[in-house]
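Line by line, the protein sequences give chains A and B.
Going letter by letter, the first sequence gives residues 2 to 734 in the numbering used here.
Going letter by letter, the second sequence gives residues 1319 to 1476 in the numbering used here.
Beta carbons: idealized from backbone N, C-alpha and C, even for Gly.
Beneath this line is the structure, given in structure tokens, with notes to follow.
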Amino acid sequence: MESIQLTRRQFLKTSVAGGAFVLSVNLPSVLANGAKQSSSWCVYVTINPNNTVTMSSPVMDMGQHMKTTGPMIIADELDLDWHLIEFTTDCPAYMKRDEDGNVTHAHADMGTGGSHAVRRNWDYMRRAGAIGKRMLVEEAAERWQVTPDSLTAKESVITHNATGRTFTYGQLAAKAGLRKIDESKVKLKERNDYHIMGKSAHTVDLKEMVTGKPLFGLDADYKNALQVVIHRAPALGASVANYDKDAALAIPGVVRVVEVARRTNDNNDKVQEVAGGIAVVATNLWAAMQGKAALNTKWKPNAEFENQSSEQQFEHFHDLVHNQSPTRVLEEDGNVEAALQQAAINLNETYETPLFAHACMEPFNCIADIRDGEATVVVGHQFPNAVAREVERLTGIDALKVEVISKRMGGGFGRRYINDFVTEAVLLSQQLKHPVKVTWTREDEIERDFFAPAYVMRIQAGTDEDGKLRAWHHTQAQTNWGAKAACFPKNLVENYKCDLFEDLSHIPIGPWRGPGHLQWAFASESMIDELAIILGKDPLQYRLDMLKPHKEFDYNGWGAEKIHSGRMAKCFEKAAQMAGWGRKMPEGHGLGIAGHFTFGSYSAFVVEVSVKNNAELRIEKAWGTIDCGFAINPNHIKNQMEGGFIDGLNAALFNKVNVEKGQAMNNNFHTLRWMKMAESPVEIESHIMQNDYAPMGVGEPPTAPAAAALTNAIFAACGKRVRRLPVADEFTI
Amino acid sequence: MSTTFTLNDKKVTATQQQADMPLLWFLREELSLKGTKYGCGIGQCGACTVHYNGQAMRSCSITVSQAQGANIKTIEGLALGDDKLHPVQEAWMEVDVPQCGYCQSGQIMAASAMLNNIPNPTDEEINQHMTNICRCGTYVRIRKAIHIAADNLAKEVV
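Structural data, given as structure tokens:
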């Protein structure tokens, strides 16, 4: 058998020689109405004549590992040898117009958010790989004059089964790339034929990360770009009173000082304030920062926003949920008012979560080069097609003539979905007729955040004598935007109502890792524990009983069509088993359990805490399960479980932004405390449920259960019930 | 008066005008060494950690002139050769620590400095000395990687 086995070292030396032949794949793109149409060539995979491969990521990466997962899916169906692949650092943005003329992704849906990347690209990426393999197989079959069925494709080699003759993919790629194939002959693999998926692969650009390569937008250079730092109005709606332009211009390197208008942002389904300010433009970044300091800008507060204070808003929300009628009913089953009246046991509690900051580790930045009729933008944004659309909206340049160079994102969490940091760079480049790079400070990043809304959630629950839940009324007041409503215990209780108060604040709000889910789960999983405890029932068993019979229901919320009580129950059971639920705990230690369904995946966690002197808290350990359907890369799913859960713990412990008169007051890490190694559990054991379901997301599901798991554990450890986050207000840690 | 210091084993000179620039921006903007990251600018997050005479130092919090005569190492200079990474970097790769990756240069520099001083740290010592923020929450893996690096470094010495 002839086949070329190349070590990684060899292919690094030889890939420069010889022309690379792109394996272009003619992929059908699926239209909104389900019909298929041919699309143009799609370049994610380049197969070189020496059989080495270069792959690009079809999906943006913000630490949720899609840069590895996407290629795994394609490479498996294509039957590539994973070890022969070299990965490019950037993420190519192919765009097209859909039938309504909107700019969308031409091939893979490269946007990331809502834990949807795998779910939305699962069929597409498998098919891309399978079509590529079919082209190679048909090419080999033609050369040997045999039938395609007599060939096996495996690890970048095609073998003729009867004779053992082989071709490498590299030998076939050039001609294979030109073939038109019969797509009805393309078959996707069965799961037990996967040779890459289902196994733990490491991050493809891991070496670049540990050696400090310039992977992020903030690291990017652009020829001739001027460096810009903007002194932004710290309070909502404030305007410039006066500033010392000359002092800024006197700084060596500062070349321009221009005013940036206050405006609104509306890519978030809601028109929201974006601060104006003064842009200092310089030949180098440090000069721009010094120029900003020299401005000594004085601001004029805006009376319209003077009442935008988070503490006052909490008081208002409490008043609303206790004394006023909600403005909108989101879900209603049965007759909750009557059922509450008739219930043998009633419990009525109110839970509170504050504004969460995103605090993306890499402060925002954007390079914009707006030219005549075309443009280049270099940025890490969760939705590159939205970047192109924004350029078109602002400048009139055809979005398809906008080159979006996408960078790895130093954290997204939903904040890098907002366009504001792109808009300002585009407008400045247009105004200055020059490429610019705008860099944000940490203070900008927090002050100008689109926070997770603060919530006050009142739950009135009613049960029978024996504890069976008969009524659940969930009333919420939150800063703005939306709230969850269709999560469990909906469908588990006959009489269910979820309502809310709307449009209560002008504090800018945006999506935050599983929007509304951690907050919902904090309230509902706390209440379920509180019910279990007054009923004298074990919190785990109470949940398992509530989830019976195991059934699939329709799900009305965003991001999933169905919700299954059995899959949720299995997650609780397994997490509890892993934690040794029910064992005798040492003095001052307690276990707490919580679980939640987010965007198609189920996750449950048990946390062990210890509390000393009723006030000193330590998080000892956590055990978590996830049911995300097929696990494409168990290693990365576990990393997301650990990191997502810690994000939720941080939200519960520390993440609270105080807004006073429209200004975020705790605007850096000395006043906004953030979880570190010392507060983190030493170990988080995680388990991925095995089943036949299609793969679902993992970026958000592990976060939602964290707050309630923590506060339930605190109660078990010391008998104190925390209904108001952050926990660090009541405990030291 | 210009400033001279050793950076990744090479001599570097900064001008008088650059004296008050935070070392972080000198590294990133003047020398294009982008591995050292900006996270907060006030010494709270550790993303900008370099080695200053072998100790972990947050480069946003010292000026270029304060680097006079010092031996500075950045992430770009940590590897032991073209093909040989530092044991901490190797351990990071074995455990596959990063998620977004932005904080990891600083974490690696902080960990390698700590291991120079404390070759076999307990979990409590790791808590005390590893105070860098990881927004993605990779602390469990960082801890694991530190223990592996400590073990590997001990084997090398022996």
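Problem set entry | Near-chain A residues of the stretch 1408-1442 of chain B (beta-carbon distance less than 7 angstroms), N- to C-terminal order | The stretch 1408-1442 of chain B vs chain A, Cβ under 7 angstroms: TRP1410, MET1411, ASP1414, PRO1416, GLN1417, CYS1418, GLY1419, TYR1420, CYS1421, GLN1422, SER1423, ILE1426 and ASP1441.
Exercise. How would you call TRP1(A), buried or exposed, if buried means at least 16 neighbouring beta carbons within 10 angstroms?
Worked result: Only positions 2 to 734 of chain A appear in the structure, and residue 1(A) is not among them; the question remains open.
Exercise. Can you list, in chain order, the stretches of the alpha helix (DSSP H) that have 4 or more residues and sit fully within the stretch 499-560 of chain A?
Worked result: Entirely contained in the stretch 499-560 of chain A, the alpha helix (DSSP H) runs reaching 4 residues are, in chain order, 518-535 and 540-547.
Exercise. Which chain A residues sit within Cβ distance under 9 angstroms of THR1449(B)?
Worked result: Correct list: LYS677, MET678 and ALA679.
Exercise. Taking 8 angstroms as the CB-CB cut-off, is ILE647(A) touching chain B?
Worked result: Yes, ILE647(A) counts as interfacial toward chain B.
Exercise. Which partner residues of TYR603(A) appear in the DSSP bridge assignment?
Worked result: In the DSSP output, where bridge partners are listed per residue, TYR603(A) has PHE598(A) and ASP628(A).
Exercise. With distances taken from CA atoms, which of GLN1425(B), GLY1387(B) and LEU1403(B) is nearest ARG1376(B)?
Worked result: The shortest Cα separation from ARG1376(B) among GLN1425(B), GLY1387(B) and LEU1403(B) belongs to GLN1425(B).
Problem set entry | Selection from LYS176(A), ASP421(A), ALA339(A) and THR47(A) that minimises the alpha carbon distance to GLY130(A) | Minimum Cα distance to GLY130(A) is reached at THR47(A).
Exercise. Just curious, the beta strand (DSSP E) that ASN243(A) is in, first and last residue?
Worked result: Run containing ASN243(A): 240-243, per the beta strand (DSSP E) assignment.
For this session: Locate the beta strand (DSSP E) running through ASP370(A), then write down its first and last residues.
Result: First-last of the beta strand (DSSP E) with ASP370(A): 366-371.
Exercise. If we ignore side chains and look at the alpha-carbon of each, how far apart do THR1367(B) and LEU505(A) end up?
Worked result: Rounded to whole angstroms, THR1367(B) to LEU505(A) spans 42 angstroms at the Cα level.
Problem set entry | Segments assigned alpha helix (DSSP H), at least 4 residues, entirely inside the stretch 97-150 of chain A | 118-145, all fully within the stretch 97-150 of chain A.
Problem set entry | Cβ pair THR442(A), PRO327(A) closer than 8 angstroms | No, these two residues do not count as a Cβ contact at 8 angstroms.
For this session: May I ask you to verify whether the stretch 1344-1362 of chain B touches the stretch 208-220 of chain A, counting CB pairs closer than 8 angstroms and requiring at least 3?
Result: A contact is defined here as three or more CB-CB pairs under 8 angstroms, and the stretch 1344-1362 of chain B meets this definition with respect to the stretch 208-220 of chain A.
Problem set entry | Between the CA atoms of GLN461(A) and SER1423(B) - distance to the nearest angstrom | Cα to Cα, the separation comes out at about 49 angstroms.
For this session: Mind listing the chain B neighbours of ASP450(A)? Cutoff is C-beta to C-beta under 8 angstroms, in chain order.
Result: Chain B residues near ASP450(A): none, gap ~13 angstroms exceeds 8 angstroms.
Exercise. Counting contacts by CB-CB distance shorter than 8 angstroms, is GLN1384(B) in contact with chain A?
Worked result: Chain A contact via Cβ: absent.
For this session: Return the first residue and the last residue of the alpha helix (DSSP H) that LYS1391(B) is part of.
Result: Per DSSP, LYS1391(B) belongs to no alpha helix (DSSP H); it is in the beta strand (DSSP E), 1389-1391.
Exercise. Between the C-alpha atoms of GLN228(A) and ALA251(A), what's the straight-line distance to the nearest angstrom?
Worked result: Taking C-alpha positions only, GLN228(A) is separated from ALA251(A) by approximately 16 angstroms.
Problem set entry | chain A within 8 angstroms of VAL1458(B), Cβ atoms only | Among the residues facing chain A, VAL1458(B) is included, as its CB has a counterpart in that chain under 8 angstroms away.
Exercise. Excluding sequence positions up to five away, which residues of its chain have a Cβ less than 8 angstroms from the Cβ of SER681(A)?
Worked result: So the qualifying residues of the chain are ILE620, ILE647 and LEU650.
Problem set entry | Uninterrupted beta strand (DSSP E) stretches inside the stretch 616-686 of chain A (no shorter than 3 residues) | DSSP assignment within the stretch 616-686 of chain A yields the following whole beta strand (DSSP E) runs of 3 residues or more, N-terminal first: 617-628.
For this session: Counting only the same chain and skipping the five closest in sequence on each side, list residues whose C-beta sits under 8 angstroms from that of THR733(A).
Result: Excluding residues within five positions, the ones whose Cβ falls inside 8 angstroms are ALA616, GLU617 and LEU618.
Exercise. By how many angstroms is the C-alpha of PRO1439(B) removed from the C-alpha of VAL1330(B)?
Worked result: When rounded, the distance between both Cα atoms is 34 angstroms.
Exercise. Which residues in the same chain as TYR223(A) place their Cβ atom closer than 7 angstroms to its Cβ, once the five residues preceding and following it in sequence are excluded?
Worked result: The beta carbon of TYR223(A) lies closer than 7 angstroms to those of ILE368, ASP370, VAL379, PRO436 and LYS438 in the same chain, with the five residues before and after it left out.
For this session: Check the Cβ of ASN225(A) against every Cβ in chain B and list those closer than 7 angstroms, keeping chain order.
Result: What ASN225(A) touches in chain B: nothing, since even the nearest Cβ is about 15 angstroms away.
For this session: Let me know the secondary structure DSSP gives GLN38(A) once reduced to three states.
Result: Bear in mind that a pLDDT of 31 at GLN38(A), under 50, signals an unreliable position, so the number given afterwards is only what the model happens to contain. GLN38(A) falls in the strand class under three-state DSSP.
Exercise. Using 8 angstroms as the threshold, is the stretch 517-527 of chain A in touch with the stretch 708-719 of chain A, meaning 3 or more CB pairs across them?
Worked result: Output reads yes: the stretch 708-719 of chain A touches the stretch 517-527 of chain A.
Problem set entry | Collapsed DSSP secondary structure at VAL229(A) in the structure displayed | Correct three-state label for VAL229(A): strand.
For this session: Just mark GLN172(A) as buried or exposed, buried being the case when its beta carbon has 16 or more other beta carbons within 10 Å.
Result: It is buried - the Cβ of GLN172(A) has at least 16 other Cβ atoms within 10 Å.
For this session: Would you tell me roughly how many angstroms separate the C-alpha atoms of LEU207(A) and ALA358(A), rounded to the nearest one?
Result: Their Cα atoms are separated by approximately 28 angstroms.
Exercise. Would the beta-carbon of ALA708(A) fall within 8 angstroms of that of ALA522(A)?
Worked result: The answer is yes: Cβ separation under 8 angstroms.
Exercise. In chain order, what residues of the stretch 275-296 of chain A put their CB closer than 7 angstroms to some CB of chain B?
Worked result: Flagged, chain order: ASN285, LEU286 and TRP287.
For this session: Take every Cβ of the stretch 137-155 of chain A, pair it with every Cβ of the stretch 547-564 of chain A, and state whether three or more of those distances are shorter than 8 angstroms.
Result: No, the stretch 137-155 of chain A is not in contact with the stretch 547-564 of chain A.
Exercise. Does the beta carbon of ILE633(A) come closer than 8 angstroms to any beta carbon on chain B?
Worked result: Taking Cβ atoms only, chain B never reaches closer than 8 angstroms to ILE633(A), which makes this a no.
For this session: Could you name the residues of the same chain whose beta carbon sits closer than 7 angstroms to that of ASN1371(B), not counting the 5 residues immediately before and after it, in chain order?
Result: Hits under 7 angstroms: ALA1388 and ASN1389.
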